[in-house]
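The structure under discussion appears below in the form of structure tokens.
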Amino acid sequence: MLILMVLLALAALSAGAYAMGRRKARQATAGAAGRPHSLPGYHGAYVALWTGLPAAILLFAFVAFGGRIEYALISADPPPASAGITAERMATYYGDVQSVANGQSTSAVVYEGAAKTAFDAAVAHARSTDTLARLLAAAAALVLAIGGFLLAFPKLSKDFRARNRVEGLTSAVLIVCSVVAVMTTLGIVMSLLYESLRFFQAVSPLSFLFGTDWDPQIAMRTDQVMTHGAFGAIPLFAGTFLIMIIAMAVAAPVGLYSAIYLAEYAGRTTRAVVKPALEILAGVPTVVYGFFAALTVGPLFRSGFNALGAQLVGGPLNDLGLYLGQVQNQMALVAGAVMGIMLIPFVSSLSDDIINAVPQALRDGSYAMGATKSETIKRVILPAALPGVVAALLLAMSRAIGETMIVTLAAGLQAKLTANPLDTVTTVTVQIVTLLTGDTEFDNPKTLAAFGLGLTLFAITLVLNIIALRIVQKYREQYD
Amino acid sequence: MSYISKDPSNPSGSPMTTPERHQGDHADGVPEIRLRTAAIGAHADAPTGTLKVQAKKINVFYGAKQALFDVDVDIPGKAVTAFIGPSGCGKSTFLRCINRMNDTIPGAKVTGEVLLDGEDVNDRQIDPVTLRARVGMVFQKPNPFPKSIFENVAYGPRIHGLAAGKADLEEIVEASLKRASLWEEVKDRLNQPGTGLSGGQQQRLVIARAIAVAPEVILMDEPCSALDPIATARIEELIDELRQQFCIVIVTHSMAQAARVSQRTSFFHLGKLVESGSTEEMFTNPKDSRTQDYITGRFG
Ligand SMILES: Nc1ncnc2c1ncn2[C@@H]1O[C@H](COP(=O)(O)OP(=O)(O)OP(=O)(O)O)[C@@H](O)[C@H]1O
Ligand SMILES: [Mg+2]
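Chains as they are written, first to last, in this note's numbering: chain A, 234 to 713; chain B, 14 to 313.
If you want it as structure tokens, here you go:
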């Protein structure tokens with residue numbers, strides 16, 4: 234609350250500083266000859282930034298790291314031995330102290346007797362520390378704000394280069410933001426790498442990457458089974474790619490053809506209706522596609538195949554009939570087909586953009602040669618757009634590989650090495666979800682396997698995306 | 014008949030490099046002489062040769078905006094006709110009426126008749142695709158396809174099935190490139206992309222592409238606007254040579270160029286045809302004061 238009020242005060246102070254800086258600049262330039270270096274607004278912004286920014290940074294730092302400092306202060310003061318808090322329980326104890334001090338009504342552990350006395354004392358101590366820290370932070374922020382103002386304000390003069398300073402500061406803020414984005418990504422990758430390393434200490438990378446047997450449940454029970462290759466990821470990747478190929482078989486032709494239709498054939502009114510419709514389709518949450526696949530498409534396909542099987546039983550295709558008769562809901566075909574439908578708007582809107590980017594002059598050139606529309610599309614537009622279309626398909630592939638919700642709901646859990654689209658397969662993402670849901674401890678290969686899978690998946694999609702972006706870049710250069 | 018440059022009915026006699034078959038293609042189906050004395054009579058100084066294209070009362074609208082107003086132009090065969098006029102006066106628009114490229118512009122509407130060898134190109138019976146094979150076009154900005162030099166020139170012959178085989182196709186490509194005087198520069202790099210050529214080379218490449226299908230009429234929209242004087246001179250030479258076989262219409266902003274390459278000139282102004290006549294007449298003795306002003310550089 235206090236911090237919030239100080240932030241508001243800072244905003245008000247900055248606004249005041251802005252007005253004062255601007256007025257001073259106006260006065261400085263009013264009488265003087267020649268043009269001032271910077272507009273008055275820049276002078277105001279300069280003072281305002283110096284007033285508000287350092288103090289705001291301090292406050293944010295306090296909010297982010299203040300808790301840790303307080304924790305260090307509290308734990309510097311251990312409970313008396315009579316309280317009977319053992320070394321192992323110390324962390325829980327301090328955590329309890331801090332949460333009670335912060336307003337939680339009861340602690341997780343019930344303390345009694347000497348421990349209770351010590352605990353209450355520690356809570357009181359923590360409260361007073363906290364209050365003091367907040368007051369100190371607020372005061373420091375205000376001092377910084379005033380100091381910043383006093384530092385910046387006297388500098389203003391007609392020739393002061395306020396614009397360059399403000400622009401420098403603005404670009405610094407932009408740099409910090411992009412650094413935050415990059416560092417976060419890097420941090421995620423590092424933690425992925427770190428946990429994967431721990432996994433690969435337990436399971437050899439070779440048996441992980443090339444093993445054909447996936448059965449993490451057994452591995453959790455006994456240690457030896459792990460070494461027998463129960464963490465072979467091949468079936469998972471095979472399942473992932475099988476579903477991806479089915480999805481692309483649906484999305485690539487339908488998406489591409491609808492893009493061609495939209496870009497070259499559709500009239501203005503059709504375009505005005507179909508394009509937004511496709512974009513809405515792109516906005517459907519994948520979980521909706523997931524239960525569409527699991528509850529509608531799956532049973533539909535199964536009953537279809539079962540009925541077909543029943544027809545074939547007894548005939549020359551008896552075996553096939555028997556097989557079709559026992560097809561399950563969770564076949565790769567269902568997950569793949571629904572994922573393909575999900576990808577259609579993705580492929581078509583990317584391809585549509587790419588086809589539209591082919592210069593009109595090329596179309597005119599082709600039409601003027603007496604080419605028909607379809608000849609123009611086949612011989613000029615598509616070849617010209619091909620690199621971009623390939624890139625769009627690669628991006629769609631990497632989405633298909635990383636897609637989780639549809640396969641979690643519609644694909645199976647059984648890791649099977651098969652190319653049969655009617656069979657049940659599982660995917661990398663499904664396995665990551667199952668490995669990490671429920672109560673998990675991050676110290677056994679079973680859960681760590683999720684990181685190994687994640688890292689491999691990341692590497693694959695990264696490579697796909699890099700190739701795609703490279704192609705798009707090449708393609709752009711061609712027309713710039 | 015009075016022309017500034019050579020008499021089109023008396024070609025210089027330099028041997029044609031285009032395969033005979035090309036000329037044959039069209040000579041078969043297209044009657045050479047469609048003399049329309051009435052129309053020609055309207056212009057006392059019109060050439061007495063064949064009339065290839067006749068436009069009658071052409072009006073063009075882009076949406077609600079009218080770009081051309083009742084334009085009548087006669088274009089003789091085997092000669093160069095130049096269209097001049099200030100920017101935005103409708104020269105390109107008129108050019109696009111002849112091969113119906115205005116069809117591809119959404120919202121564009123054309124009324125009136127454009128007779129190609131006496132047949133209205135806007136007739137329901139006429140397929141714009143076959144029409145455009147007869148009326149080639151070279152655009153203001155060179156627009157080679159992102160294909161090899163060879164494939165660029167082979168494009169038309171391929172889609173119209175003009176070549177009997179590979180050797181035949183190669184022959185057509187070579188002949189067309191030679192006529193566009195590009196062959197020497199590209200004969201060793203036919204498989205490289207056409208987009209990698211210089212601007213002037215690209216312009217000659219698209220001319221080669223246009224003549225590869227042996228059209229009867231070639232429309233050129235400011236073909237030299239992006240070229241240096243040397244490349245311009247080569248294109249002009251090329252036009253001069255091509256006119257012995259084709260009917261050529263050229264839009265240009267250069268009075269000197271119009272005077273050099275054309276036998277007839279039409280002056281457009283604000284969407285109207287102001288004056289048409291032999292180039293010599295137009296440049297030495299224009300009837301309309303606006304023509305006079307434009308040619309002498311007083312406006313436009
Ligand atoms: N696609 C179009 N849509 C709408 N208006 C157009 C279109 N093309 C041309 N116009 C208009 O029609 C008029 C004639 O244009 P046109 O391109 O024929 O002029 P031009 O004589 O070729 O000019 P320039 O010498 O600059 O090439 C202009 O006013 C132009 O704005
Ligand atoms: Mg023009």
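All C-beta atoms, glycine included, are put in the ideal place defined by N, C-alpha and C. Treat the numbers as computed from the prediction; the structure is a model and nothing was measured.
Say whether chain B places a C-beta atom closer than 7 angstroms to the C-beta of A/Glu377. Note on residue identity: the sequence assigns Leu, not Glu, to residue 377 of chain A. It does not; no Cβ of chain B falls within 7 angstroms.
How do the segment 129-146 of chain B and the segment 573-584 of chain A stand: do at least 3 beta-carbon pairs fall below 8 angstroms, yes or no? Touching, no, given that fewer than three Cβ pairs across the two stretches are closer than 8 angstroms.
Can you round the beta-carbon distance between A/Ala466 and A/Gly500 to whole angstroms, since I take them to be within the 8 angstroms contact cut? In fact, because the Cβ distance is near 50 angstroms, the residues do not count as touching under 8 angstroms.
Report the residue from A/Ala625, A/Val530, A/Ala683 whose alpha carbon sits nearest the alpha carbon of A/Leu469. Closest by alpha carbon: A/Ala683.
CB-CB under 6 angstroms to A/Ala395, same chain, minus the five flanking residues each way: which ones, in chain order? Only Ser271, Tyr275, His276, Tyr279 meet the Cβ criterion.
Straight-line gap, A/Pro654 to A/Gly488 (C-alpha atoms, nearest Å): About 21 angstroms.
Would you list the residues sitting across from A/Lys349 in a DSSP beta bridge? Note: A/Lys349 sits in no beta bridge, so no partner.
Using a C-beta to C-beta distance shorter than 7 angstroms, which residues of chain B count as neighbours of A/Ala613? A small fix is needed here, since residue 613 of chain A is Val in this sequence, not Ala. Within 7 angstroms Cβ-Cβ: Phe158.
Determine the chain B residues that contact A/Tyr600 at a beta-carbon separation under 7 angstroms, and present them in chain order. Listed along chain B are Met114, Thr117, Arg145, each with a C-beta nearer than 7 angstroms to that of A/Tyr600.
Between which two residues does the beta strand (DSSP E) holding B/His282 run? Here the beta strand (DSSP E) through B/His282 covers 277-282.
Run the Cβ filter for me: residues under 7 angstroms from any heavy atom of ligand 2, listed in the order they occur in the chain. Having a Cβ closer than 7 angstroms to some heavy atom of ligand 2 are B/Lys104, B/Ser105, B/Gln153, B/Asp234, B/Glu235, B/Val264.
If you drop the 5 nearest sequence neighbours on each side, which residues of the same chain put their C-beta closer than 7 angstroms to that of B/Phe82? Within the same chain, B/Phe82 has close Cβ partners Asn72, Gly284, Lys285.
When you compare the CB of B/Gly169 with every CB in chain A, is at least one pair closer than 7 angstroms? Yes, its Cβ sits closer than 7 angstroms to a Cβ of chain A.
Decide if A/Leu697 is buried, meaning its Cβ has at least 16 other Cβ atoms within 10 Å, or exposed. With 16 or more other Cβ atoms within 10 Å, it is buried.
Residues of the segment 484-505 of chain A with a CB closer than 8 angstroms to any CB of chain B: list them in chain order, please. Cβ contacts with chain B come from Arg501.
Quick one: is A/Glu321 buried, meaning 16 or more other Cβ sit within 10 Å of its Cβ, or exposed? Taking every protein chain shown into account, the CB of A/Glu321 has fewer than 16 other CB atoms within 10 angstroms, so this residue is exposed.
Within 10 Å of its beta-carbon, does B/Gly209 have 16 or more other beta-carbons around it, so buried, or fewer, so exposed? So B/Gly209 ends up on the exposed side.
Partner residues on chain B for A/Ala617, Cβ-Cβ distance less than 7 angstroms: Close partners of A/Ala617 in chain B (Cβ separation under 7 angstroms): Pro159.
Do we get a CB-CB distance below 7 angstroms when we pair A/Thr609 with the residues of chain B? Contact with chain B is absent for A/Thr609, since none of that chain's Cβ atoms lies less than 7 angstroms from the residue's Cβ.
With a Cβ-Cβ cutoff of 7 angstroms, do B/Ile111 and B/Val148 count as a contact? Yes; because the gap between Cβ atoms is below 7 angstroms, this pair is in contact.
Proximity test, Cβ basis, 7 angstroms: A/Thr670 and chain B: Chain B has no Cβ within less than 7 angstroms of the Cβ of A/Thr670.
Does B/Ser291 come out as helix, strand or coil in the three-state DSSP assignment? When DSSP states are grouped into helix, strand and coil, B/Ser291 belongs to the strand group.
Against A/Leu384, what residues of chain B qualify as contacts under a CB-to-CB distance less than 7 angstroms, listed in chain order? Simply none; closest approach about 58 angstroms.
Starting from the C-beta of B/Asp2, find all residues in its chain whose C-beta is less than 8 angstroms away, skip the five residues before and the five after it, and write them out in chain order. Nothing about residue 2 of chain B can be reported from this structure: the residues present for chain B run from 14 to 313 only.
Mark B/Leu195 as exposed unless 16 or more other C-beta atoms lie within 10 angstroms of its C-beta, in which case mark it buried. So B/Leu195 ends up on the buried side.
Any beta-carbon of chain A closer than 7 angstroms to the one on B/Met233? No - not a single Cβ of chain A is within 7 angstroms of the one on B/Met233.
According to DSSP, is B/Asn72 helix, strand or coil? Here B/Asn72 sits in strand by DSSP.
Please list the terminal residues of the continuous beta strand (DSSP E) segment that includes B/Gly207. Neither: B/Gly207 is in no beta strand (DSSP E) and is coded neither H nor E.
A/Phe464 bridges to which residues according to DSSP? Partner(s): A/Trp447.
In chain B, what lies closer than 8 angstroms to A/Gly717 by C-beta? There is no way to answer for residue 717 of chain A, as the model of chain A reaches only from 234 to 713.
B/Arg49 (DSSP reduced to helix, strand or coil): Only weak support exists for where B/Arg49 lies, its pLDDT of 28 falling under 50; the value from the coordinates is given anyway. Coil at B/Arg49, not helix or strand.
So, is B/Pro60 buried or exposed, given that buried needs 16 or more other C-beta atoms within 10 angstroms? Low per-residue confidence applies at B/Pro60: pLDDT is 44, beneath 50, and the placement is therefore not dependable enough to give any value.
To test your reading of the DSSP string, which unbroken beta strand (DSSP E) runs of 3 or more residues are found completely within the segment 616-685 of chain A? Fully enclosed beta strand (DSSP E) runs of 3 or longer: not present.
Considering only the alpha carbon of each residue, which of B/Ile248, B/Lys154, B/Gln305, B/His266 lies closest to B/Arg192? Nearest option by C-alpha distance: B/Ile248.
I'd like to know whether the C-beta of A/Ala624 is nearer than 7 angstroms to at least one C-beta of chain B. Put simply, the CB of A/Ala624 is far from chain B, with every gap to its CB atoms at 7 angstroms or more.
Taking the Cβ atom as the reference point for each residue, do A/Leu545 and A/Gly537 lie within a distance shorter than 7 angstroms? Not closer than 7 angstroms, so no.
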